[in-house]
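>
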């Protein structure tokens with residue numbers, strides 16, 4: 001075993017020696033960096049608190065998630081419990097280990113919130129969450145220390161680049177026709193797929209998942225979530241959600257935009273009704289499309305459509321419904 005991994009295992013053993021009383025708290029903290037958590041929280045920010053902030057957070061979430069998928073395939077590194085019986089698996093993942101997606105997304109998303117709100121207490125809360133989410137991945141045994149460090153690094157780089165490029169990109173898109181803006185969103189989503197596709201095809205040809213990784217995962221007691229890291233599902237999901245969210249935001253802004261202010265009753269109504277729509281599209285269409293997908297390519301295309309519809313619902317369709325129901329007001 002590589003010395004790099006051996007030293008990481010020693011560190012993880014010391015972290016896990018704190019005791020199993022931390023399992024549930026760490027699982028709760030790690031949830032704060034998961035797709036399900038942001039699917040619940042992002043609509044609340046976008047519909048009920050600050051539409052611009054919600055859009056920024058959603059954008060960096062999708063870009064970070066997409067980049068993380070590409071990097072995982074590029075590094076194709078194991079998780080601790082795949083290669084060592086000394087590390088306890090308090091959680092299980094099927095994807096490659098490095099860099100940590102939770103750490104990368106936490107650095108990007110919570111960093112974006114802190115950089116946008118610009119209040120000292122918000123910075124303190126967000127930085128604490130970034131650290132705790134990364135630490136939770138170590139304690140749960142799903143990442144080596146360098147996985148988390150790389151995740152924080154790539155998350156910070158993504159955040160910095162997005163903040164630097166935000167106004168230039170806004171100016172560029174403002175000078176384009178509505179059709180060209182839609183084409184730009186579609187083109188970026190296809191690029192997200194194509195870049196990851198290159199790494200995916202290379203791995204399919206040149207990489208064989210070691211049987212020892214699977215055997216060790218089984219020995220760790222995670223039979224339901226065995227290693228299955230060479231996949232394109234995440235790429236199609238992120239790309240579809242990006243196109244749906246971006247095109248919806250562009251279309252809504254062309255119609256004047258929305259104001260997230262309102263009474264607490266209006267906000268609660270928006271969130272509950274809007275969340276029902278999210279679940280129907282995200283989970284409901286998953287069931288329907290599973291019956292329709294008779295080959296892998298069609299399954300990927302339908303996944304893209306499902307996530308695109310979910311993104312469009314969040315950014316445009318739901319707000320227009322709220323305006324029609326008089327739970328929200330148009331900006332113009």
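Numbering (the numbering used here), first residue to last: 1 to 332.
Even glycine gets a Cβ: it sits at the ideal position worked out from N, Cα and C.
On the criterion of 16 or more Cβ atoms from any shown chain inside 10 Å, does residue 242 qualify as buried, or is it exposed?
buried
> Who does residue 330 pair with in a DSSP beta bridge?
258
> Confirm, please, whether the CB-CB distance from residue 256 to residue 305 is below 8 angstroms.
no
> Beta-carbon within less than 7 angstroms of residue 188's beta-carbon, same chain only, minus the 5 sequence neighbours each way: which residues are those?
242
> Which whole-angstrom value is the C-beta distance of residue 29 and residue 108, which I expect to be below 8 angstroms?
About 17 angstroms separates the Cβ atoms of residue 29 and residue 108, ruling out a contact at the 8 angstroms cut-off.
> In or out: residue 96 buried (at least 16 other Cβ within 10 Å) or exposed?
buried
> Per DSSP, what kind of secondary structure is residue 135 in: helix, strand or coil?
Of the three classes helix, strand and coil, the one that applies to residue 135 here is helix, per DSSP.
> Once the 5 residues before and after residue 323 are set aside, which same chain residues still bring their CB inside 8 angstroms of it?
258, 329 and 330
> Is the separation between the beta-carbon of residue 300 and that of residue 232 shorter than 8 angstroms?
yes
> Applying the 10 Å Cβ sphere with the 16-neighbour rule, what's the burial state of residue 270?
buried
> CB residue 134 to CB residue 90, shorter than 8 angstroms?
no
> I believe residue 158 touches residue 64 by the beta-carbon criterion, under 8 angstroms. Please report the beta-carbon distance rounded to the nearest angstrom.
5 angstroms
> Helix, strand or coil for residue 241, going by three-state DSSP, please let me know.
helix
> Alpha carbon to alpha carbon, what distance is there between residue 114 and residue 122?
6 angstroms
> Residue 287 and residue 39: beta carbons closer than 8 angstroms?
no
> How about residue 260 and residue 51: are their beta carbons less than 8 angstroms apart?
yes
> Under 8 angstroms by Cβ, that's how I've got residue 200 and residue 73 pegged, so tell me the actual separation to the nearest angstrom.
Going by Cβ atoms, the distance from residue 200 to residue 73 rounds to 6 angstroms, so yes, they are a contact pair.
> Can you tell me where the alpha helix (DSSP H) with residue 206 in it begins and where it stops?
178 to 206
> What residue ranges within the stretch 27 to 109 form continuous alpha helix (DSSP H) runs of no fewer than 4 residues, ordered along the chain?
35 to 44, 51 to 75 and 80 to 83
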